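J.: One structure is given below, represented as structure tokens, and several questions about it will come after.
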Amino acid sequence: MTEPRLRIRVLGSAAGGGLPQWNCGCTNCMRARWGEIPSRTQSSIAVSVDGRSWAIANASPDLRQQIADAPVLWPSGARESPIQAVLLTNGEIDHVAGLLTLREKTPFAVHATAEIHRMLSTNRIFDALDPAVVSRPAEALGVPFALLPGLEAELFAVPGKAPLHVEEDTARGDLEGEQTVGVAFSDGMRQVFYVPGCARLTPDLVERFAAAELVLFDGTLWADDEMIGTGLGEKTARRLSHMPMAGPEGSLAAFAEIPVGRKVFVHMNSSNPVLDPESPQRRTVEGAGWTVAEDGMELYP
Ligand code: MLT
Ligand code: MN
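Following my numbering, the numbering of the sequence shown begins with 73 at its first residue and continues without gaps.
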């Protein structure tokens with residue numbers, strides 16, 4: 073038997089919509105359709121320490137396919153699953169719609185803040201997860217809890233926004249509270265952070281990341297005006313609550329002085345030029361010590 077060891081599998085490395093996105097004819101989406109650059113499913117990782125029981129952080133609309141593509145997540149008997157826990161970092165569609173794939177009365181726990189649970193409980197479609205078998209523990213910020221045997225998790229506030237599908241006209245980005253969180257995973261020896269959405273690095277975040285072996289971080293957009301410049305949307309990265317990679321307030325600059333063991337971008341939007349492995353932007357991020365995650369990538373911090 074192999075030694076217990078923190079292990080991450082990137083199930084989906086794209087932001088909401090995936091790559092290609094159904095209605096998008098941008099260069100990246102077309103090239104992904106033609107097989108010229110890797111396609112990507114939507115945002116999720118799986119975490120384990122023993123390789124037998126797994127937690128899923130964020131349940132993407134592509135979860136069914138992601139499980140089919142990951143033999144470690146296959147059942148070993150009739151009506152059984154290695155997936156014992158699901159953890160949610162916000163209530164966005166790309167992070168919760170996959171819960172609907174997990175109906176069928178196999179027990180697991182959905183860990184999230186009370187605010188994220190409130191959003192799920194006000195939408196009756198999630199009643200498909202039978203409360204008799206699927207528990208929904210509400211986790212307080214800053215209080216570690218057992219996610220799996222041998223694996224602790226702690227949720228912490230990250231500047232973010234209300235989920236787009238419940239957003240009011242007066243909504244703003246950069247809210248700090250229970251609606252968007254990051255996760256610290258620990259096996260008692262190593263610490264890994266997972267932050268797929270983040271509007272900016274606060275001093276608290278900088279302090280947390282300083283001791284980390286591995287940080288998986290928001291790689292949604294390359295530039296603040298990317299959605300506008302590519303004609304794909306009207307909002308800046310800042311308004312979307314995703315700090316861009318480039319620029320003086322971007323993640324490359326913000327992480328430059330933080331001594332993180334390994335830095336991996338996740339949750340890339342289809343517009344992001346780093347999705348092209350040959351792009352100058354990909355060279356820049358790799359030169360700054362970052363890896364751009366791909367679906368199926370395994371990380372052993
Ligand atoms: C986000 O994190 O902002 C979402 O991925 C946006 C979306 O679902 O389009
Ligand atoms: Mn998202």
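Using N, Cα and C, we set each Cβ at its ideal position, and we do this for glycine too. Bear in mind that the values here come from a model prediction, so they are computed numbers and not experimental data.
1. Mind pulling the beta strand (DSSP E) runs of 3 or more residues that sit fully within the region 200–284?
2. Could you tell me whether the Cβ atoms of V168 and L192 are closer together than 8 Å?
3. Taking its Cβ as the centre, do 16 or more other Cβ atoms sit within 10 Å of M102, making it buried, or is it exposed?
4. Pull up the CB-CB distance for V205 and P179, whole angstroms please, since I reckon it's below 8 Å.
5. Can we count G305 as close to the ligand MN, meaning its CB is less than 7 Å from some heavy atom?
6. If distances are taken between C-alpha atoms only, which option among A86, T185 and L174 comes closest to I197?
7. Expressed to the nearest angstrom, what Euclidean distance is found between the alpha-carbon atoms of T363 and K307?
8. Is the region 298–305 close to the region 327–346, with three or more CB pairs under 8 Å?
9. What residues come near the ligand MN, if near means a beta carbon less than 7 Å from any of its heavy atoms?
10. Considering only residues of the same chain and omitting the five flanking positions on each side of L213, which have a CB-CB separation below 8 Å?
11. Leaving out five residues on either side along the sequence, give the residues of the same chain with a beta carbon under 6 Å from the beta carbon of T292.
12. Tell me, which residues are paired with S116 by DSSP?
13. Do A282 and P331 have their beta-carbon atoms positioned less than 8 Å apart in this structure?
14. Suppose you measure from the CA of E211 to the CA of E108; what does that come to, to the nearest Å?
15. Along the beta strand (DSSP E) that carries H189, what are the first and last residues, could you check?
16. Nearest-angstrom Cα distance between Q137 and P110?
17. Could you give the distance in angstroms between the alpha-carbon of G170 and the alpha-carbon of I155?
18. Is any heavy atom of the ligand MLT found at a distance shorter than 7 Å from the C-beta of H314?
19. Using only the alpha-carbon positions, how far apart do P352 and T99 sit?
20. Determine whether the beta carbon atoms of A295 and P316 lie at a separation below 8 Å.
21. Would you say the beta carbon of L236 is closer than 7 Å to some non-hydrogen atom of the ligand MLT?
T.: From the atom records:
1. 217–220, 223–229, 253–258 and 263–267
2. yes
3. exposed
4. 4 Å
5. no
6. L174
7. 26 Å
8. yes
9. A87, G88, S115, E164, D166, H167, P268, G269 and H339
10. T185, L227, F228, A229, E250 and V253
11. A87, H314, H339 and N341
12. G84
13. yes
14. 42 Å
15. Per DSSP, H189 belongs to no beta strand (DSSP E); it is in the alpha helix (DSSP H), A186 to S193.
16. 16 Å
17. 13 Å
18. yes
19. 15 Å
20. yes
21. yes
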